[in-house]
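Chemist:
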Amino acid sequence: MAEMHYHDYLQLEKILNAQFPESDKLNISAHDEMLFIIIHQAYELWFKQLHHEVDAVAAIMSKPALNDNSPELQTVVHRLNRCVTILRVLVHQIDIMETMTPMDFLDFRDMLRPASGFQSWQFKQLEAKLGLKFDDRHGKEYYTAQLRKEHVDVIKNAEGNKSLLELVNNWLERMPLAPELSGDPNSFWQIYRKSYEGSLAEAEKGNLAALDEVFFSDSQPTTHHSPLSAAASRAALFIMLYRGYPLLQQPFQLLNCLLEIDEQLSSWRYRHMNMVHRMIGTRIGTGGSSGKDYLKAAADKHYIFREIAQLNSFLIERRKLPLLPKEMEMRLGFVHQ
Ligand code: HEM
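Under this note's numbering, the first residue of the sequence shown is numbered 41, with each subsequent residue one higher.
1) I'd like the list of long-range same chain contacts for S63, defined as Cβ closer than 8 angstroms, with 5 residues on each side in sequence excluded.
2) If you check the beta carbons only, do A218 and F278 fall under 8 angstroms apart?
3) Alpha carbon to alpha carbon, how far is L299 from Q289? Give it in angstroms, no decimals.
4) How do the stretch 343 to 358 and the stretch 178 to 194 stand: do at least 3 beta-carbon pairs fall below 8 angstroms, yes or no?
5) DSSP state of H191, grouped into three classes?
6) Any contact between the stretch 301 to 321 and the stretch 337 to 345? By contact I mean 3 or more CB pairs, one from each, below 8 angstroms.
7) Determine the direct distance from the alpha carbon of M319 to that of F145, and round the result to whole angstroms.
8) What first and last residue would you give for the alpha helix (DSSP H) that runs through D302?
9) From the DSSP output, in three-state form, read off H45 for me.
10) Taking Y83 as part of the alpha helix (DSSP H), name the residues at either end of that continuous run.
11) What's the call for V97, buried or exposed, on a 16-neighbour Cβ count within 10 Å?
12) Can you find a heavy atom of the ligand FAD that lies under 7 angstroms from the Cβ of Y232?
13) Can you tell me the Cβ-Cβ gap for L204 and L170, rounded? I've got them flagged as a contact below 8 angstroms.
14) In its own chain, which residues sit with a C-beta less than 6 angstroms from the C-beta of H127, not counting the 5 before and 5 after it?
15) Does S269 come out as helix, strand or coil in the three-state DSSP assignment?
16) For L294, count neighbouring Cβ atoms within 10 angstroms of its own Cβ and tell me buried if that reaches 16, exposed if not.
17) If you follow the alpha helix (DSSP H) that M370 is part of, which residue opens it and which one closes it?
18) Just checking my contact of L212 with A276 at CB under 8 angstroms: how many whole Å lie between their CB atoms?
19) Indicate the three-state DSSP secondary structure (helix, strand or coil) for D224 in the structure shown.
20) Check the C-beta distance from L166 over to H91 and give it rounded, since I have them as a contact under 8 angstroms.
21) Does the Cβ of S266 lie closer than 7 angstroms to at least one heavy atom of the ligand HEM?
22) Could you round the C-beta distance between P362 and F158 to whole angstroms and report it? I think they count as a contact, below 8 angstroms.
23) Kindly indicate which three-state DSSP category H118 falls into: helix, strand or coil?
24) With C-beta atoms as the reference, is S102 less than 8 angstroms away from K234?
25) What would DSSP say about S257, mapped onto helix, strand or coil?
26) Pull up the distance between the alpha-carbon of D175 and that of G200, whole angstroms please.
27) Take the Cβ of P168 as the centre, count every other Cβ of all protein chains shown within 10 Å, and call the residue buried at 16 or more, exposed below.
28) Please name the residue, chosen from H178, M44, N197, that lies closest to L335 on a Cα-to-Cα basis.
29) For K202, which of helix, strand or coil comes out of DSSP?
30) Measure the C-alpha to C-alpha separation of Y236 and D252 and round it to an integer number of angstroms.
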């Protein structure tokens, strides 16, 4: 077998010969266009890695019986943590982009039209794999008008598969550890409901109806459209409340990773938006959108795990938590009898 060489292994011939500034073709001086190309390419490579991780996580979570007490859950958490770390790097990469001044950008900006980061199908496919639906996107017409048909198909295909959010919902519904729902006033959820009611300030009294809707509306038709079912919401809340028990530690890490992914994506959106404002003020983007205003609206609307974050409105103080029955404590711990 021929000896492997670094240059061939990494396909550097292709990667290092894939930068063709438009300004060079037109023989116009625009030093920063090289940076602009390389930074976008670096982003796209990291997007590819994020897809690799999210696909692997989805494959594990699609199994009919993900055992919470098995190495699989640890692998899921480990890979989601890696996604978070990559996203942090992506937020910081904006620092490099910002070393380019608006005047440096103007040197080549018009040569790009109508190309725009908006056409990054990998970014939109990632949003779809995580759980963003077409109907929930900001500026739907603009979205389809700007992308190539084959890229819209890639994203639609991702939307057709089970998203990470749906897989998490199914996993939570299957979770065997959360207490059953019952009308008995001494049952776990009825005690919890009472404690929550007692914790509400006068102005928050309406939250009790919200609690009933989110957690106890299993069989009633509901006005509340959430990607999380009532059973899944109960399991998620239970994990958050009792996360100190050994068996709930990994499930808690998993939920926490999802919130961290949303937070990093949102940080990226805000930093990108501010950079855009600084770079082009209130002018329209090269892709023809309203620029900063479009990005602000998308940033506000595109939270993917919003409903999981909102469960935190229903927490109560640790010292008021219902005590778990001994038998349940045993199941959640290391000691098994
Ligand atoms: C000088 C630097 C940049 C400027 C002025 C800029 C400007 C814009 C603008 C105005 C939009 C809205 C669509 C449009 O009208 O074009 C946009 C969208 C976008 N840009 Fe940038 N951008 C810059 C750098 C980057 C970089 C480095 C990336 C990394 C991949 C990126 C990724 C994106 C993405 C993914 C969107 C779509 C966001 C969404 O739909 O939520 N941009 N950009």
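Quick reminder that beta carbons are idealized off the backbone N, C-alpha and C, glycines included.
Modeler: Per the coordinate set shown:
1) Counting from 1 along the sequence shown, the entry for residue 63 is found at position 23. Within the same chain, and ignoring the five residues on either side of S63 in sequence, the residues whose Cβ sits closer than 8 angstroms to its Cβ are S69, A70, E73, D147, F148, M151.
2) Here residue 218 corresponds to residue number 178 of the sequence shown, with the count starting at 1. Here residue 278 corresponds to residue number 238 of the sequence shown, with the count starting at 1. Judged by their CB atoms, A218 and F278 are nearer to each other than the 8 angstroms cut-off.
3) Numbered from its first residue, the sequence shown carries residue 289 at position 249. Numbered from its first residue, the sequence shown carries residue 299 at position 259. Taking the CA atoms as reference points, Q289 sits about 16 angstroms from L299.
4) Contact fails: fewer than three Cβ-Cβ distances are below 8 angstroms.
5) What you label residue 191 is simply residue 151 of the sequence shown in a count that begins at 1. In the three-state reduction of the DSSP assignment, H191 falls in the helix class, which pools H, G and I.
6) Pairwise C-beta distances place the stretch 301 to 321 in contact with the stretch 337 to 345, as three or more of them are shorter than 8 angstroms.
7) Locating residue 145 in the sequence shown gives position 105, where the first residue counts as 1. Locating residue 319 in the sequence shown gives position 279, where the first residue counts as 1. Taking the straight line from one Cα to the other gives about 8 angstroms.
8) Mapped onto the sequence shown, residue 302 falls at position 262. Where D302 is concerned, the enclosing alpha helix (DSSP H) stretches over 286 to 320.
9) In the sequence shown, residue 45 corresponds to position 5, counting from 1. Of the three classes helix, strand and coil, the one that applies to H45 here is coil, per DSSP.
10) What you label residue 83 is simply residue 43 of the sequence shown in a count that begins at 1. Note, Y83: alpha helix (DSSP H), 73 to 101.
11) Within the sequence shown, the letter at position 57 stands for residue 97. Classification for V97: buried.
12) Judged by which ligands are present, the ligand FAD is missing from the structure shown, whose ligands are the ligand HEM.
13) As a position in the sequence shown, residue 204 is number 164, starting the count at 1. As a position in the sequence shown, residue 170 is number 130, starting the count at 1. That pair is a contact at about 5 angstroms.
14) Here residue 127 corresponds to residue number 87 of the sequence shown, with the count starting at 1. The identity of residue 127 in the sequence shown is Leu, whereas the question assumes His. For L127, the CB contacts under 6 angstroms within the same chain, skipping 5 residues up- and downstream, are Q304 in chain order.
15) Working through the sequence shown from its first residue, we reach residue 269 at position 229. Three-state DSSP puts S269 in coil, outside helix and strand.
16) Taking the sequence shown and counting its residues from 1, the one referred to as residue 294 is at position 254. Looking at its Cβ environment, which holds 16 or more other Cβ atoms inside 10 Å, L294 is buried.
17) Here residue 370 corresponds to residue number 330 of the sequence shown, with the count starting at 1. First-last of the alpha helix (DSSP H) with M370: 366 to 372.
18) The sequence position of residue 212 within the sequence shown is 172, counting from 1. The sequence position of residue 276 within the sequence shown is 236, counting from 1. Right, their Cβ atoms sit about 5 angstroms apart.
19) Indexing the sequence shown from 1 puts residue 224 at position 184. The three-state secondary structure of D224, taken from DSSP, is coil.
20) As a working mapping, residue 166 is identified with position 126 in the sequence shown. As a working mapping, residue 91 is identified with position 51 in the sequence shown. About 6 angstroms separates the two Cβ atoms, so the contact holds.
21) Position 226 of the sequence shown holds residue 266. It does not: the Cβ of S266 is nowhere closer than 7 angstroms to a heavy atom of the ligand HEM.
22) Translated into positions along the sequence shown, residue 362 becomes position 322. Translated into positions along the sequence shown, residue 158 becomes position 118. About 49 angstroms separates the two Cβ atoms, so there is no contact after all.
23) Numbered from 1 along the sequence shown, position 78 holds the residue referred to as residue 118. In the structure shown, H118 adopts helical secondary structure according to DSSP, grouped into three states.
24) Taking the first residue of the sequence shown as 1, we reach residue 102 at position 62. Taking the first residue of the sequence shown as 1, we reach residue 234 at position 194. Cβ distance not < 8 angstroms, so S102 and K234 don't count as in contact.
25) Taking the sequence shown and counting its residues from 1, the one referred to as residue 257 is at position 217. Residue state, collapsed to three classes: coil.
26) The residue you call residue 175 lines up with position 135 of the sequence shown. The residue you call residue 200 lines up with position 160 of the sequence shown. Rounded to the nearest angstrom, the two C-alpha atoms are 13 angstroms apart.
27) Taking the sequence shown and counting its residues from 1, the one referred to as residue 168 is at position 128. For the record, residue 168 in the displayed sequence is Ala; it is not Pro. Under this definition A168 is a buried residue.
28) In the sequence shown, counting from the first residue as 1, residue 335 sits at position 295. Distances from the alpha-carbon of L335 to those of H178, M44, N197 put H178 closest.
29) As a working note, residue 202 is residue 162 in the sequence shown. Coil, per DSSP.
30) Sequence index remark: in the sequence shown, residue 236 carries index 196 (1-based). Sequence index remark: in the sequence shown, residue 252 carries index 212 (1-based). The alpha-carbon of Y236 is positioned some 11 angstroms away from that of D252.
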